[in-house]
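Shown next, in structure tokens, is the structure this report addresses.
There are 2 protein chains.
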Amino acid sequence: MAVTSSPMRQTEEPKGVTAAKGFLAGVAAADVRGDGASRHDLALIVSERPATAAGVFTTNLVKAAPVVISQLHVKRGLARAIVANSGNANACTGARGLGDALRMAQATADAVDCPPGEVLVASTGVIGRVMPVERILLGIGRAAADLGRDGDQAARAIMTTDTYPKQAAVAVALGGVEHMVGGIAKGSGMIHPEMATMLAFVTTDARLEAGTAQTLLRESVRRSFNRISVDGDMSTNDCCFLLANGAADGPEIRSGTADFQQFREALDTVLWSLAEQIVGDGEGATRTFSVRVSGAADQVQAVRAARTVTSSPLVKTAIHGGDPNWGRILAAVGRSGVELALDRCRLAIEGEELFAQGQVVEGAVERVAPRLLQPRVAIDINLGVGEAEAIALGCDLSSDYVRINADYST
Amino acid sequence: MAVTSSPMRQTEEPKGVTAAKGFLAGVAAADVRGDGASRHDLALIVSERPATAAGVFTTNLVKAAPVVISQLHVKRGLARAIVANSGNANACTGARGLGDALRMAQATADAVDCPPGEVLVASTGVIGRVMPVERILLGIGRAAADLGRDGDQAARAIMTTDTYPKQAAVAVALGGVEHMVGGIAKGSGMIHPEMATMLAFVTTDARLEAGTAQTLLRESVRRSFNRISVDGDMSTNDCCFLLANGAADGPEIRSGTADFQQFREALDTVLWSLAEQIVGDGEGATRTFSVRVSGAADQVQAVRAARTVTSSPLVKTAIHGGDPNWGRILAAVGRSGVELALDRCRLAIEGEELFAQGQVVEGAVERVAPRLLQPRVAIDINLGVGEAEAIALGCDLSSDYVRINADYST
Chain A
1 MAVTSSPMRQ
11 TEEPKGVTAA
21 KGFLAGVAAA
31 DVRGDGASRH
41 DLALIVSERP
51 ATAAGVFTTN
61 LVKAAPVVIS
71 QLHVKRGLAR
81 AIVANSGNAN
91 ACTGARGLGD
101 ALRMAQATAD
111 AVDCPPGEVL
121 VASTGVIGRV
131 MPVERILLGI
141 GRAAADLGRD
151 GDQAARAIMT
161 TDTYPKQAAV
171 AVALGGVEHM
181 VGGIAKGSGM
191 IHPEMATMLA
201 FVTTDARLEA
211 GTAQTLLRES
221 VRRSFNRISV
231 DGDMSTNDCC
241 FLLANGAADG
251 PEIRSGTADF
261 QQFREALDTV
271 LWSLAEQIVG
281 DGEGATRTFS
291 VRVSGAADQV
301 QAVRAARTVT
311 SSPLVKTAIH
321 GGDPNWGRIL
331 AAVGRSGVEL
341 ALDRCRLAIE
351 GEELFAQGQV
361 VEGAVERVAP
371 RLLQPRVAID
381 INLGVGEAEA
391 IALGCDLSSD
401 YVRINADYST
Chain B
411 MAVTSSPMRQ
421 TEEPKGVTAA
431 KGFLAGVAAA
441 DVRGDGASRH
451 DLALIVSERP
461 ATAAGVFTTN
471 LVKAAPVVIS
481 QLHVKRGLAR
491 AIVANSGNAN
501 ACTGARGLGD
511 ALRMAQATAD
521 AVDCPPGEVL
531 VASTGVIGRV
541 MPVERILLGI
551 GRAAADLGRD
561 GDQAARAIMT
571 TDTYPKQAAV
581 AVALGGVEHM
591 VGGIAKGSGM
601 IHPEMATMLA
611 FVTTDARLEA
621 GTAQTLLRES
631 VRRSFNRISV
641 DGDMSTNDCC
651 FLLANGAADG
661 PEIRSGTADF
671 QQFREALDTV
681 LWSLAEQIVG
691 DGEGATRTFS
701 VRVSGAADQV
711 QAVRAARTVT
721 SSPLVKTAIH
731 GGDPNWGRIL
741 AAVGRSGVEL
751 ALDRCRLAIE
761 GEELFAQGQV
771 VEGAVERVAP
781 RLLQPRVAID
791 INLGVGEAEA
801 IALGCDLSSD
811 YVRINADYST
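Going line by line, the protein sequences match chains A and B. For what it's worth, our numbering labels the leading residue of the first sequence as 1, then goes sequentially. For what it's worth, our numbering labels the leading residue of the second sequence as 411, then goes sequentially.
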């Protein structure tokens, strides 16, 4: 299984959403933001044949119009295309917003010759603005004319405050046939997924039944996107789609088989890579950190403790300052609501144990301090009560986060 | 009932913790931080006669040593003195920390001639450092020699990153006798109380039985400190003490009487004022905002929705930027887990309705924008499902918050 992801590793192979056979992508500059700029802000992803479709969506009760429409469409278990725009979230836009999302589906359906119910729609950008739908419909036509095997531009077209495109692809042999799983994602702020996250589109040429695809995607999202946090805010527009078109002409991947395990690993690898890339591009982030919690009473508690630490503003600012302020980490664990035994609790940063047997380890703070200036910092916490463990990813909180978000809509 | 609080209103009357009869305060420069600076960092608050004592403490499972000791001592329902230091939290310091907190209680007991079990201990500052207990013990002796009717210095001595001291006092007639309720507080970061908060010491010359005092304090804390958030992080050292010494020679305040109601209002007023002062002094804060949630299914949900909005980094940065980005407010409500009916939901800022009937109100964003530059911003949200309501207070998130916290311990 070879991992190829951008910008972490460059390859000559096709990347991202067109890595798998039978998928095409096209983009257009639709001027969604209305500032006349010529940047690509609309992407189409099309399967040459009908594909099994699965989707995982935000659990925010305030759901954007495209989320509502795509949730309906994905229930068919079948899709031909994804249409996505940046620059406007089409959220909190009432009945008009739903109509606009449906018009995007219809225009895409017309362009690729499929029923509108086989189009998944996604939007990202400012909440509460009416969509410039006429410009978007024109853009869909241009993106359809641009369809090809290059997926890089699609990864760029869905960016908002992202500073780099996020792509990953993995090759995996199933039933003796090489298959590809690839994906793109966007996300930089409003990142604290609870069931799904941001925008992420994954394609594969494997053959999957709809129920299997849905289960695989939901589980993989739980282990990847649902373990990252940039700022603790959950989006109204989170969605992750998986399209599986069977174009590799391999066997159907059935639950419980060795191929299923292999495929699941490939899917996990792609989603984890995209999740890491999102955290690394967290708004204003200069550094990322992982929090591995072990010794927890159960998995739910391990995840909760790890995510509480990755979300703590005081931990995030300490990481930003390269400050081994481990007391803040323990304070965050302490308020997370999980069971812990303080006298058996252990805390290490970059492998250096700082806290054990109820107190600080002499000299450890000084030893670990220089290692906090690295681009990635690993934190390990043992709660001292059980066997469960989990890992979560976060990024530091910098003045740039404030700058970026203090005037995003205006 | 006259409210006198600093810095909001200056009066000639005694303020804060010595406003009530029979209470004395003293301070000392104990060099807790070990930097040789001469700032006051130790405060004693002493009742001339034994006082009924009540306390509310952090629910963080990682509790500082003074919290553990004071929780034990407050169970007696009787106290003579509070000893508090800034500069070191005495948290995560193991058995040695507990011993240090007990030595602080013993030294105070010796100085004011009472059993050590009648001393409440509180500490605030960096977590995980061993206390410079010899210097603190010397400081306690000097603070005892400094005891007098001026409480202002005590309010200053407990400050850490606070930029101003927080005091409030209220006069209330009970059974025809004038009583005073006064208090001081510190807190600026790690503020997201769940059962108690920061340090707050309240004194009164009213006569209260211990159970009544405990109930009154717990309820008043729930309506004041537990409604504020600076950064979503809960302290390991939160505690709020109430000492009631009966020195006004009024009747005992019994539950269910008119005097009880009056006293409760006075206590609420003092705690709410201190809570407002803490938010106004939130680390790096340039502006505060209130979030009133109405139309909620029940009170718990109203509080949860309001506090989720006051804790959202994206709302806080928008408030910092003076940006009427109401979509972020709705997104925060949507992820808070409370029941809401988006089509009946209403959102107003400074009385200007921005969102109603499922969509933005035309022109409202432009109308409200200039009012977001005020020092206080009022947000009103109706969830459209019930009758319950609650208010919470928050402050903006600025680059200064990051600067203050990126290098606090080092």
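By construction, the Cβ of each residue, glycine as well, lies at the ideal position given by its N, Cα and C atoms. Keep in mind that this is a model prediction, so the values were computed, not measured.
- A straight line joining the alpha-carbon of Leu199/A with that of Arg738/B spans about 18 Å.
- Ala779/B sits in a helix when the DSSP states are folded into three classes.
- The shortest C-alpha to C-alpha distance from Val270/A to any of Gly182/A, Ala206/A, Arg218/A is the one to Gly182/A.
- Chain order gives the chain A residues near Ser809/B as Ser399, Val402, Arg403, where near means a beta carbon separation below 8 Å.
- Remark: C-beta atoms of Cys240/A and Leu217/A approach each other more closely than 8 Å.
- Between the region 75 to 88 of chain A and the region 154 to 167 of chain A, the count of C-beta pairs closer than 8 Å reaches three or more; the two stretches touch.
- Using a C-beta cut-off of 8 Å, the region 558 to 568 of chain B makes no contact with the region 504 to 513 of chain B, since fewer than three inter-stretch Cβ pairs fall below that distance.
- With respect to chain A, the C-beta atom of Gly432/B has no partner C-beta closer than 8 Å.
- Neighbourhood of Ile537/B in chain A, by CB distance below 9 Å: Asn325, Trp326, Gly327, Arg328, Leu330, Ala331, in chain order.
- Annotated three-state conformation of Ser721/B is helix, per DSSP.
- A check of alpha carbon separations from Glu797/B across Gly692/B, Gly690/B, Glu749/B, Leu618/B identifies Glu749/B as the nearest.
- Within the region 485 to 506 of chain B, those residues whose Cβ lies closer than 9 Å to any Cβ of chain A are, in chain order, Ala499, Ala501, Cys502, Thr503, Gly504, Ala505, Arg506.
- Residue-level contact check: Leu471/B touches chain A, since one or more beta carbons of chain A fall below 8 Å from its beta carbon.
- Sixteen is the threshold: since fewer than 16 other Cβ atoms of the shown chains lie within 10 Å of the Cβ of Gly666/B, the residue is exposed.
- If you draw a 10 Å sphere on the C-beta of Ala105/A, you find 16 or more other C-beta atoms in it, and that means buried.
- His179/A has a beta carbon lying at 8 Å or more from every beta carbon in chain B.
- Using a Cβ-Cβ cut-off of 8 Å, Leu627/B does not count as an interface residue toward chain A, since no Cβ of chain A sits closer than that to its own.
- Setting aside the 5 residues that flank it on each side, Asp396/A is surrounded in the same chain by Ala285, Thr286, Arg287, Lys316, Ile319, His320, each with a C-beta closer than 7 Å to its C-beta; the list follows chain order.
- Between Thr52/A and Ala244/A, the C-beta gap is smaller than 8 Å, which places the two residues in contact.
- When secondary structure is reduced to three states using DSSP, Thr288/A falls in the strand class.
- One thing to note: Ser224/A has its Cβ no nearer than 8 Å to the Cβ of Asp281/A.
- For a cut-off of 8 Å, the C-beta gap from Ser70/A to Val121/A is around 5 Å, short enough to register as a contact.
- Only residues of its own chain outside the window of five on either side were considered, and among them Ala306, Val309, Thr310, Ile379, Ala392 have a CB closer than 6 Å to the CB of Val291/A, listed in chain order.
- The straight-line gap separating the alpha-carbon atoms of Leu373/A and Ala595/B is approximately 36 Å.
- Annotated as proximal: Ala453/B and Val437/B, with beta-carbon spacing under 8 Å.
- Residue state for Asn495/B is assigned as strand, using DSSP reduced to three classes.
- Ser630/B carries a helical assignment under DSSP once its states are collapsed to helix, strand and coil.
- Of the candidates Glu134/A, Thr59/A, Ala296/A, Ser188/A, Ala296/A places its Cα closest to the Cα of Ala390/A.
- A direct Cα-to-Cα measurement between Arg813/B and Ile759/B gives close to 29 Å.
- Looking from the CA of Val703/B, the closest CA among Thr428/B, Leu684/B, Asp733/B, Leu740/B belongs to Leu740/B.
- For Val303/A, the secondary structure class from DSSP, reduced to helix, strand or coil, is helix.
- One alpha carbon belongs to Gln671/B, the other to Thr93/A, and they sit about 47 Å apart.
- Within a 10 Å sphere around the beta-carbon of Gln577/B sit 16 or more other beta-carbons, which makes this residue buried.
- In this structure Leu137/A does not touch Phe263/A by the C-beta definition: roughly 37 Å separates them, more than the 8 Å allowed.
- Taking a C-beta cut-off of 9 Å against chain A, the contacting residues of the region 760 to 787 of chain B are Leu764, Phe765, Gln767, Gly768, Gln769, Val770, Val775, Ala779, listed in chain order.
- What Pro132/A touches in chain B, judged by beta-carbon distance under 7 Å, is nothing: the nearest beta carbon there is about 15 Å away.
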